[in-house]
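In the numbering used here, the protein residues as written are 24 to 335. Right, one structure below, let's go through it.
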Amino acid sequence: MRTELTGLLGIKYPIIQGGMAWVAEYHLAAAVSQAGGLGIIGAANAPAQWVRDQIRKTRELTDKPFGVNVMLMSPYAEEVAQVVAEENAAVVTTGAGNPEKYMELWKSRNIKVIPVVASVALAKRMERSGADAVVAEGCESGGHVGESTTMALVPQVADAVSVPVIAAGGIGDGRGIAAALMLGAKGVQMGTRFVVTKECQVHENYKEKVIKAKDIDTRVTGRSTGHPVRTLRNEMTKKYLELENKGASLEELEYLTLGALRKAVQEGDVKNGSVMSGQIAGLVKEEMTCQELIESLVKEADSLLMGAKNYA
Ligand code: TUI
Numbered sequence: 024m025r026t027e028l029t030g031l032l033g034i035k036y037p038i039i040q041g042g043m044a045w046v047a048e049y050h051l052a053a054a055v056s057q058a059g060g061l062g063i064i065g066a067a068n069a070p071a072q073w074v075r076d077q078i079r080k081t082r083e084l085t086d087k088p089f090g091v092n093v094m095l096m097s098p099y100a101e102e103v104a105q106v107v108a109e110e111n112a113a114v115v116t117t118g119a120g121n122p123e124k125y126m127e128l129w130k131s132r133n134i135k136v137i138p139v140v141a142s143v144a145l146a147k148r149m150e151r152s153g154a155d156a157v158v159a160e161g162c163e164s165g166g167h168v169g170e171s172t173t174m175a176l177v178p179q180v181a182d183a184v185s186v187p188v189i190a191a192g193g194i195g196d197g198r199g200i201a202a203a204l205m206l207g208a209k210g211v212q213m214g215t216r217f218v219v220t221k222e223c224q225v226h227e228n229y230k231e232k233v234i235k236a237k238d239i240d241t242r243v244t245g246r247s248t249g250h251p252v253r254t255l256r257n258e259m260t261k262k263y264l265e266l267e268n269k270g271a272s273l274e275e276l277e278y279l280t281l282g283a284l285r286k287a288v289q290e291g292d293v294k295n296g297s298v299m300s301g302q303i304a305g306l307v308k309e310e311m312t313c314q315e316l317i318e319s320l321v322k323e324a325d326s327l328l329m330g331a332k333n334y335a
């Protein structure tokens with residue numbers, strides 16, 4: 024499955040792993056890259072030294088290219104941006120903001136910069152400031168979400184920019200990959216599906232909750248605060264949405280989500296924690312290794328695309 028993206032990044036398959044906060048650490052990133060995709064370390068809210076350490080540990084496990092996701096709302100974003108440059112990561116993806124001010128620094132180190140965007144406007148702006156590709160992420164995704172769905176966003180972004188577009192949000196199998204390519208994407212980014220892999224270090228309860236989830240089990244909290252976040256529904260989302268509907272203050276709401284992601288990922292508290300997940304969770308049924316997953320994704324997508332004329 025060679026595309027413009029595989030050539031740009033020097034990878035075998037056009038599959039990027041999402042830079043999931045607290046979830047995307049070095050074991051997962053290395054396994055995805057080793058299997059021919061692009062593994063990503065999610066810097067989330069972590070300090071710069073943690074990120075440096077993760078980059079070095081990934082390098083011990085793979086000599087293939089991998090990336091770092093810089094979460095731009097992090098209090099450490101500035102230092103993390105610097106560390107990524109110093110360590111010469113092959114690729115940077117960014118989320119939850121506009122990475123313009125770091126672009127020159129990264130480009131000067133020959134780092135491929137791939138901002139995650141949720142609108143045509145930001146995609147165009149990113150192309151103008153030198154992005155090598157963009158991830159167009161629809162609101163089916165887990166975590167921080169925009170307004171538009173993947174189906175609507177991807178073709179509009181593909182028409183608006185000439186750099187390769189990577190589709191994200193709601194992609195969990197080979198059908199999703201084939202569909203994304205038909206929408207004009209040159210690759211996909213997948214998060215939720217990679218949570219349920221052998222190499223992913225999240226607590227077993229988290230994986231089980233994703234496996235048990237049905238199609239309508241995600242909720243978006245924080246629409247009123249300007250930080251909409253998609254997670255699997257549980258006690259926390261129930262309380263949050265009740266409070267939010269009553270017009271609770273930002274402080275009250277933030278109290279519920281404080282440290283909530285770590286609680287779910289590390290302690291396995293999937294009742295009161297924040298179990299970030301995309302709408303595709305209902306499709307995820309079994310755990311496998313990253314290599315098994317990626318091989319089966321590619322095989323399925325390839326065979327669908329080969330037979331695309333037999334649509335009847
Ligand atoms: O960033 C993500 N997904 C994330 S970040 C995250 S960490 C977090 N934890 C708790 C609360 C909030 C965040 C979890 N999931 N996806 C990429 C993405 N970026 N989706 C939407 C955006 C986005 C939104 C607004 C990008 C830019 C933007 O505006 C930029 C501007 O200045 O116009």
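Each residue gets a CB set at the ideal place from its N, CA and C atoms; glycine is no exception. The structure displayed is predicted, hence computed values, not measured ones.
| request: Have a look at I200 and A304 and give me their C-alpha separation to the nearest angstrom. | output: Rounded to the nearest whole angstrom, the CA to CA distance from I200 to A304 is 16 angstroms.
| Selection from K261, G330, I137 that minimises the alpha carbon distance to P122 | Residue I137 is the option with its Cα nearest to P122.
| query | When the Cα of R256 is compared with those of S297, L281, A283, G249, which residue comes out closest? | reply | R256 has its Cα closest to that of S297, out of S297, L281, A283, G249.
| According to DSSP, is H250 helix, strand or coil? | Coil, per DSSP.
| field | Reference I78, options L51, S164, Y99, A58, closest by Cα | value | Among L51, S164, Y99, A58, the Cα nearest to that of I78 is on L51.
| request: With DSSP collapsed to three states, give me the class of A54. | output: Helix at A54.
| query | Taking K232 as the reference, which of V106, S56, L95, V218 has the closest Cα? | reply | Closest in alpha carbon position to K232, among V106, S56, L95, V218, is V218.
| Those runs of the beta strand (DSSP E) which lie wholly inside the segment 81 to 114 and span at least 3 residues | Entirely contained in the segment 81 to 114, the beta strand (DSSP E) runs reaching 3 residues are, in chain order, 89 to 94.
| task | Starting from P178, follow the alpha helix (DSSP H) in both directions and report where the run begins and ends. | result | Per DSSP, the unbroken alpha helix (DSSP H) holding P178 starts and ends at 173 to 183.
| field | Residues bridged to M311 (per DSSP) | value | Its beta-bridge partners are T220.
| query | Going by the CB atoms, is the gap between G161 and L176 shorter than 8 angstroms? | reply | Cβ atoms of L176 and G161: closer than 8 angstroms.
| Any non-hydrogen atom of the ligand TUI closer than 7 angstroms to G169 Cβ | G169: yes, Cβ under 7 angstroms from the ligand TUI.
| task | Give a single yes or no on whether L284 has its beta carbon closer than 7 angstroms to a heavy atom of the ligand TUI. | result | Yes, Cβ of L284 sits closer than 7 angstroms to a heavy atom of the ligand TUI.
| field | Cβ shell of N133 (< 6 angstroms), same chain only, five flanking positions each side left out | value | Hits under 6 angstroms: none found.
| Contacts around V186, its chain only, beta-carbon distance under 7 angstroms, and the 5 residues preceding and following it disregarded | Within the same chain, V186 has close Cβ partners E150, A154, D155, A156, V157.
| query | At which residues does the beta strand (DSSP E) containing E265 begin and terminate? | reply | Looking at the DSSP string, E265 is not in any beta strand (DSSP E); the run it does join, the alpha helix (DSSP H), is 258 to 268.
| Rounded to whole angstroms, how far is the Cβ of L276 from the Cβ of T248, which I believe are closer than 8 angstroms? | About 6 angstroms; that satisfies the 8 angstroms criterion.
| said: Quick test of the definition: if touching needs 3 or more C-beta pairs under 8 angstroms, does the segment 227 to 243 touch the segment 321 to 331? | reply: Result no; under three Cβ-Cβ pairs closer than 8 angstroms.
| field | Delimiting residues of the beta strand (DSSP E) encompassing K230 | value | Segment 227 to 235 is the alpha helix (DSSP H) holding K230; no beta strand (DSSP E) there.
| Residue interval of the alpha helix (DSSP H) (run including G65) | Per DSSP, G65 lies in no alpha helix (DSSP H); the unbroken beta strand (DSSP E) holding it starts and ends at 62 to 65.
| task | Confirm, please, whether the CB-CB distance from H226 to Q289 is below 8 angstroms. | result | With contacts defined by Cβ atoms closer than 8 angstroms, Q289 and H226 form a contacting pair.
| Which residue's Cα is closest to the Cα of G60: V93, T117, G214, G245? | For G60, the nearest C-alpha among the options comes from G214.
| query | Between G106 and the rest of its own chain, which residues show a CB-CB distance below 7 angstroms, the 5 nearest in sequence each way excluded? | reply | The sequence shown places Val at residue 106, not Gly. Correct list, in chain order: A71, V74, R75.
| said: Considering just the uninterrupted stretch of the alpha helix (DSSP H) at T280, what are its terminal residues? | reply: Taken as a continuous stretch (DSSP letters only), the alpha helix (DSSP H) holding T280 covers 273 to 280.
| Closer than 7 angstroms: is that where the CB of G59 sits relative to any heavy atom of the ligand TUI? | Because no heavy atom of the ligand TUI lies under 7 angstroms away, the Cβ of G59 does not count as near it: no.
| message | Classify G62: buried if its beta carbon has 16 or more other beta carbons within 10 angstroms, exposed otherwise. | response | Under this definition G62 is a buried residue.
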